[in-house]
Amino acid sequence: MAERVEVAYDEGRWVFLRSLRGEASALMRPLAAAHIECLVYGSLARGDVKPTSDVDIFIPSPPAPELVEAALERAGIRAAEREIVQATPGYAAKGYIYTGDRRGYSFPLVRLLPTERDFYGFAGSVTLKQLDGGIRVPGVDKMLMLIEPTPRGHVESPVAGREGQVARLLGVDTRIVSERVRTLERRRSVGRTGVFLKHSLEPGEGFGEALHRLSLGRPAVRKRLG
Numbered sequence: 476m477a478e479r480v481e482v483a484y485d486e487g488r489w490v491f492l493r494s495l496r497g498e499a500s501a502l503m504r505p506l507a508a509a510h511i512e513c514l515v516y517g518s519l520a521r522g523d524v525k526p527t528s529d530v531d532i533f534i535p536s537p538p539a540p541e542l543v544e545a546a547l548e549r550a551g552i553r554a555a556e557r558e559i560v561q562a563t564p565g566y567a568a569k570g571y572i573y574t575g576d577r578r579g580y581s582f583p584l585v586r587l588l589p590t591e592r593d594f595y596g597f598a599g600s601v602t603l604k605q606l607d608g609g610i611r612v613p614g615v616d617k618m619l620m621l622i623e624p625t626p627r628g629h630v631e632s633p634v635a636g637r638e639g640q641v642a643r644l645l646g647v648d649t650r651i652v653s654e655r656v657r658t659l660e661r662r663r664s665v666g667r668t669g670v671f672l673k674h675s676l677e678p679g680e681g682f683g684e685a686l687h688r689l690s691l692g693r694p695a696v697r698k699r700l701g
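With this note's numbering applied, the sequence shown has no gaps in its numbers, which climb one by one up to 701 at the end.
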C-alpha cells in the first residue's frame, strides 16, 4: 500500500492559489472569446502551487498561430518573447508565447501523438469553466507524487510501482505514466539535459515560416511535419 500523506493548506496558500488561478483565467478569456479551446495544467489545476509555479495556458488543437496571436492582441495581451521548442527529436515542436515571468501560452505546431496529449491529463488540467468554478483535479507533480485534491488541501502518494492504478485514476494510457516515471527518474540521476531545438522568433517572424525553415536541415523536425 503506497504511503499517503495529507497536506493541509493555510490561508496564505489558498489566497495564493486563487491569485494564480485568477491570472490564468484572465489569460484564457481572450482565447475562449475567439472559440479557441485552452487548458491550464499542472499545479494550478491540482492546487499544489508554489512561488515557482508557472501560469502556462495550453492550446491543444490550435488554429493557425496567427489567429492565436490576433486573439491575444485584440485583448491587449502583448508577447514579451516568442519561441519554438522541440524537446527531443521524437517530440512535437511547440510554439511558446511568453507574456511575462513564468506566464504565457504554448501550443503544438504539429499534430500531437496520443501519448503527448495524455501528458496534460497526467499532470492534471482544467478548462476555463472548471477553473472559474473552483474545480481542482488529480495529477502527478515533478517529484512523481500523485496529488489528489481534498477540501483541506491535498493527499499525495508516490506513483512508482503503481503506474497502472494511477493511469486508471487519471484516465490516461499506462504508457504515458511509465514513460514519465522513466524520464523523471533519469532526470533525477543525470540532471536535466538540453533540448533538441530552441529558436527565438524575431519581431514579425511567423511560427509557420520559422518552423518550415528550421525543418529544412533537420530531418527529425521535417518528419513530424508529415
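Positions of the beta carbon are idealized from the N, C-alpha and C atoms, including for glycine.
Taking just the CA atoms, how far does residue j sit from residue i?
i	j	result
ARG549	LEU587	28 angstroms
LYS569	VAL585	8 angstroms
LEU492	GLY692	44 angstroms
ALA483	HIS629	7 angstroms
ILE610	PRO694	42 angstroms
LYS698	GLU481	45 angstroms
ARG521	LEU621	10 angstroms
GLY669	ARG577	19 angstroms
PRO583	TYR566	10 angstroms
ILE552	PRO505	9 angstroms
VAL490	ALA507	25 angstroms
TYR595	ARG637	19 angstroms
ALA685	TYR571	13 angstroms
MET503	GLY639	32 angstroms
VAL612	GLU654	21 angstroms
ALA509	GLY517	24 angstroms
VAL560	VAL641	29 angstroms
ALA546	THR625	36 angstroms
ARG627	LYS525	17 angstroms
Should residue i be labelled buried (16 or more other beta-carbon atoms within 10 Å of its own) or exposed?
i	result
GLU623	buried
LEU542	exposed
LEU496	Reading off the sequence shown, one finds Arg at residue 496, where the question assumed Leu. ARG496 comes out buried.
ASP593	buried
GLU652	Reading off the sequence, residue 652 comes out as Val, not Glu. Looking at its Cβ environment, which holds 16 or more other Cβ atoms inside 10 Å, VAL652 is buried.
GLU680	exposed
VAL647	buried
GLU478	exposed
ALA539	exposed
GLU556	exposed
PRO537	buried
When DSSP builds the beta bridges, which residues end up paired with residue i?
i	result
HIS674	ILE559
ASP531	GLY579
SER600	TYR516
ALA483	GLY628
LYS569	VAL560, PRO583
So residue i and residue j are supposed to be a Cβ contact under 8 angstroms. How far apart are they, rounded?
i	j	result
LEU700	SER690	6 angstroms
PRO633	LEU619	6 angstroms
SER500	LEU603	7 angstroms
PHE597	GLY579	Not really, about 21 angstroms apart at Cβ, beyond 8 angstroms.
ASP616	ASP523	6 angstroms
GLU512	ILE532	Incorrect: roughly 11 angstroms between the Cβ atoms, too far for contact.
VAL515	VAL601	6 angstroms
THR590	ARG650	6 angstroms
ALA554	THR574	6 angstroms
PHE671	ALA562	6 angstroms
HIS674	GLU558	6 angstroms
VAL530	GLU486	Not a contact, Cβ separation roughly 21 angstroms.
Can you check whether the C-beta of residue i is within less than 7 angstroms of a C-beta belonging to chain B?
i	result
GLY628	Of the protein chains in this structure there is only one, and it is not chain B.
- Item | Every unbroken beta strand (DSSP E) inside the stretch 605–651 [3 residues or more] | As far as the stretch 605–651 is concerned, its whole beta strand (DSSP E) runs of at least 3 residues are 620–625, 628–633.
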